[in-house]
Amino acid sequence: MSSHGPAAPMTAHRAGPLTGTAHVPGDKSISHRSLILGAMAVGETRVTGLLEGQDVLDTAKAMRAFGAEVARDADGIWRVHGVGVSGFSEPEDVIDCGNSGTGVRLIMGCMATTPISATFTGDASLRSRPMGRITDPIALFGARSYGRKGGRLPMTIVGAATPVPVRYATPMPSAQVKSAVLLAGLNAPGQTVVIEKEATRDHSERMLAGFGAVVTTEDTDEGRVITLTGQPELKPQTIVVPRDPSSAAFPVCAALITEGSDVLIPNIGLNPTRAGLFATLREMGADLTYENERTEGGEPVADLRARFSDSMQGIEVPPERAPSMIDEYPILSVVAALSTGKTVMRGVKELRVKESDRIDAMARGLEACGVTIEEDEDTFIVHGMGAGGVPGDATAAARLDHRIAMSFLCLGMAAQKPVTVDDAGPIATSFPIFVPLMRELGARLEDEAAR
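1330 is the number that this note's numbering gives to position 271 of the sequence shown; each next residue is one higher, with no gaps.
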């Protein structure tokens, strides 16, 4: 079953050239944060280009439940009338965050220092994911949590009545954990400090500063030290959401592996904490170029052009790059399968606690398609079979994970025989136009229910 209805199997057939322009949706990370920070500001924040996938829509519902007014105009502009940093009211019902780990963890953080209670749940995938990485640091502020065994949802958070600022070193490279702590720090007096041994995506720091918070970042011997001064009055903003590099990864990689392809993907955010995949692909020999490079809203942006690349070589991906491309390893493993030689991905244990165990999901699916893999807890190795060399002719389990489903559909476009995913329904959580967009480029995606 998908998270939003009956399973929807889909099959990708070997495609002719993928050609044209792919307008991917807005950045998911920035979309979540736009709604949350807009709800914590005083006044009206306007957001254009918001990703209208289910994950972000669930965050919009949550902000309404906490008392903010969130609405979409007929012209596609989202308007958020915020209630201020300390203005959240107690929700009348359970907050259902669907499939979104980012949504639930950031929302837990932003309400943890307000003296209210809220109960959170989600779909089967989200209920299986660990929340201790959030509940441990917010407990330092004075919040309490009551969940299922192992720190799983459903979970009730009781916000701190008299929060205190904290100094917290993240035990794993996670932008979600960092962001939750910073959001909790907004309603605590004094300075909240987060220390990262490895830098993760920095959208929260950039956007907090844009909303008027005092945030400083310093690279030290301890790592990256982010300091937030608490209890600001956040000022409403007008936000133009750049297009999502994690969504762009799919048409980019599909073009690189599908014979004769030439695809332009405009207006892609290239924040250096997010662009690790594109650097890796170019190191593998991909014909991937940046056109019209520019800066928009403080973020680097470019148009990406991806052309079929039949001589890509496997590489050892630098493990320190993992935080900048953690969501892109599933589709990278597909590219690796159609490259020559071995691609080694180390430092990727965070993949095991995403929407699914993504190492296991990709390993089992690639094996079913005829690819040799190796894995341990923190390593994933794919033995490439060269351009067009993957047999395919298999069904992969999506495991309620949008990125697993899209990755195997991209593989089917270049494999010798079709590849089926058992459920394409979860794709709607992050990339609701994936199927029509890929079909317009020339992909052969067959909805099994329509046969």
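Beta carbons: idealized from backbone N, C-alpha and C, even for Gly. Computed from a predicted structure; not experimentally measured.
Residue from the options whose Cα sits closest to the Cα of residue i
{"i": "Gly-1168", "options": "Leu-1110, Met-1099, Glu-1436, Pro-1301", "result": "Met-1099"}
{"i": "Ser-1392", "options": "Ala-1272, Pro-1189, Ile-1374", "result": "Ile-1374"}
{"i": "Gly-1484", "options": "Arg-1073, Gly-1157, Gly-1269", "result": "Gly-1157"}
{"i": "Val-1253", "options": "Ala-1456, Tyr-1227, Leu-1468, Asp-1152", "result": "Tyr-1227"}
{"i": "Pro-1377", "options": "Thr-1438, Met-1214, Leu-1329, Asn-1330", "result": "Thr-1438"}
{"i": "Gly-1146", "options": "Thr-1173, Thr-1286, Arg-1353", "result": "Thr-1173"}
{"i": "Leu-1094", "options": "Gly-1126, Val-1153, Ser-1383, Gly-1075", "result": "Gly-1126"}
{"i": "Ile-1432", "options": "Phe-1337, Pro-1389, Ser-1306", "result": "Pro-1389"}
{"i": "Asp-1134", "options": "Met-1472, Val-1144, Gly-1108", "result": "Gly-1108"}
{"i": "Ala-1121", "options": "Asp-1086, Glu-1103, Leu-1165", "result": "Leu-1165"}
{"i": "Thr-1317", "options": "Pro-1450, Leu-1397, Ala-1272", "result": "Leu-1397"}
{"i": "Leu-1267", "options": "Asn-1330, Pro-1291, Asp-1278", "result": "Pro-1291"}
{"i": "Val-1139", "options": "Gly-1102, Tyr-1349, Asp-1117", "result": "Gly-1102"}
{"i": "Gly-1162", "options": "Ile-1324, Glu-1149, Glu-1387, Gly-1112", "result": "Gly-1112"}
{"i": "Gly-1501", "options": "Asp-1321, Ser-1489, Gly-1447", "result": "Asp-1321"}
{"i": "Gln-1296", "options": "Arg-1260, Ala-1314, Trp-1137", "result": "Trp-1137"}
{"i": "Arg-1341", "options": "Ile-1327, Glu-1358, Thr-1118, Leu-1315", "result": "Leu-1315"}
{"i": "Phe-1337", "options": "Glu-1350, Ala-1308, Glu-1358", "result": "Ala-1308"}
{"i": "Leu-1245", "options": "Pro-1230, Thr-1229, Ala-1183, Val-1225", "result": "Val-1225"}
{"i": "Ile-1440", "options": "Ser-1489, Ile-1418, Arg-1192", "result": "Ile-1418"}
{"i": "Val-1144", "options": "Ala-1272, Val-1360, Leu-1116", "result": "Ala-1272"}
Collapsed DSSP secondary structure at residue i in the structure displayed
{"i": "Leu-1363", "result": "strand"}
{"i": "Val-1311", "result": "helix"}
{"i": "Met-1384", "result": "coil"}
{"i": "Leu-1500", "result": "helix"}
{"i": "Pro-1295", "result": "coil"}
{"i": "Val-1106", "result": "strand"}
{"i": "Val-1163", "result": "helix"}
{"i": "Lys-1325", "result": "The amino acid occupying residue 1325 in the given sequence is Pro; Lys does not appear at that position. The answer is strand: DSSP assigns Pro-1325 an E or B state."}
{"i": "Leu-1347", "result": "strand"}
{"i": "Thr-1454", "result": "strand"}
{"i": "Val-1529", "result": "Outside the shown range of the chain, which is 1060 to 1510, sits residue 1529, and nothing can be said about it."}
{"i": "Leu-1096", "result": "helix"}
{"i": "Thr-1317", "result": "coil"}
{"i": "Ala-1066", "result": "coil"}
{"i": "Glu-1264", "result": "helix"}
{"i": "Leu-1009", "result": "What is shown of the chain runs 1060 to 1510, which leaves residue 1009 out entirely."}
{"i": "Met-1060", "result": "With a pLDDT of only 34 at Met-1060, under the threshold of 50, the placement of this residue in the model should not be trusted; the figure read from the coordinates follows. Coil, per DSSP."}
{"i": "Gln-1372", "result": "strand"}
{"i": "Glu-1128", "result": "strand"}
{"i": "Ile-1136", "result": "coil"}
Sub-9 Å separation of residue i and residue j beta-carbons
{"i": "Lys-1401", "j": "His-1461", "result": "no"}
{"i": "Ala-1345", "j": "Val-1300", "result": "no"}
{"i": "Ala-1464", "j": "Asp-1482", "result": "yes"}
{"i": "Lys-1087", "j": "Ser-1305", "result": "yes"}
{"i": "Ala-1243", "j": "Pro-1196", "result": "yes"}
{"i": "Leu-1425", "j": "Leu-1470", "result": "yes"}
{"i": "Pro-1084", "j": "Asp-1303", "result": "yes"}
{"i": "Thr-1215", "j": "Gly-1249", "result": "no"}
{"i": "Arg-1188", "j": "Arg-1211", "result": "yes"}
{"i": "Thr-1276", "j": "Asp-1261", "result": "yes"}
{"i": "Ala-1427", "j": "Ala-1457", "result": "no"}
{"i": "Gly-1209", "j": "Ile-1175", "result": "no"}
Between the CA atoms of residue j and residue i - distance to the nearest angstrom
{"i": "Asp-1280", "j": "Glu-1255", "result": "11 Å"}
{"i": "Arg-1498", "j": "Thr-1078", "result": "10 Å"}
{"i": "Thr-1178", "j": "Pro-1213", "result": "7 Å"}
{"i": "Lys-1413", "j": "Gly-1445", "result": "29 Å"}
{"i": "Leu-1096", "j": "Asp-1369", "result": "44 Å"}
{"i": "Lys-1294", "j": "Phe-1270", "result": "5 Å"}
{"i": "Thr-1286", "j": "Ser-1238", "result": "12 Å"}
{"i": "Thr-1354", "j": "Ile-1154", "result": "36 Å"}
{"i": "Asp-1152", "j": "Arg-1207", "result": "18 Å"}
{"i": "Leu-1410", "j": "Asp-1416", "result": "6 Å"}
{"i": "Val-1311", "j": "Leu-1241", "result": "33 Å"}
{"i": "Val-1236", "j": "Asp-1114", "result": "18 Å"}
{"i": "Glu-1257", "j": "Thr-1339", "result": "18 Å"}
{"i": "Gly-1343", "j": "Met-1404", "result": "A quick correction: the sequence has Met, not Gly, at residue 1343. Whole-angstrom Cα-Cα distance: 13 Å."}
{"i": "Thr-1479", "j": "Arg-1380", "result": "31 Å"}
{"i": "Thr-1348", "j": "Thr-1080", "result": "14 Å"}
{"i": "Ile-1298", "j": "His-1082", "result": "19 Å"}
{"i": "Ala-1067", "j": "Asp-1506", "result": "8 Å"}
{"i": "Arg-1366", "j": "Ala-1313", "result": "9 Å"}
{"i": "Asp-1435", "j": "Phe-1467", "result": "21 Å"}
{"i": "Ser-1090", "j": "Met-1069", "result": "28 Å"}
{"i": "Met-1060", "j": "Leu-1459", "result": "Residue confidence is low: Met-1060 scores 34 on pLDDT, short of 50, so the model does not pin down where it sits. Its coordinate-derived value is still stated next. Roughly 8 Å separates the two Cα atoms."}
{"i": "Ser-1062", "j": "Asp-1182", "result": "Only weak support is given to the placement of Ser-1062: the predicted model assigns it a pLDDT of 45, under 50, and the question is left unresolved by the model."}
heavy atom of the ligand SAH below 8 Å from residue i C-beta
{"i": "Glu-1350", "result": "Judged by which ligands are present, the structure shown has none, so any question about the ligand SAH falls away."}
Legend entry - Every unbroken beta strand (DSSP E) within the segment 1174-1256, with a cutoff of 3 residues, ordered by chain: 1176-1180, 1203-1207, 1211-1217, 1226-1228, 1250-1255
Inset, instruction - Pick out the complete beta strand (DSSP E) segments inside the segment 1391-1441, 3 residues or longer, and give them in chain order. - result: 1401-1405, 1431-1435
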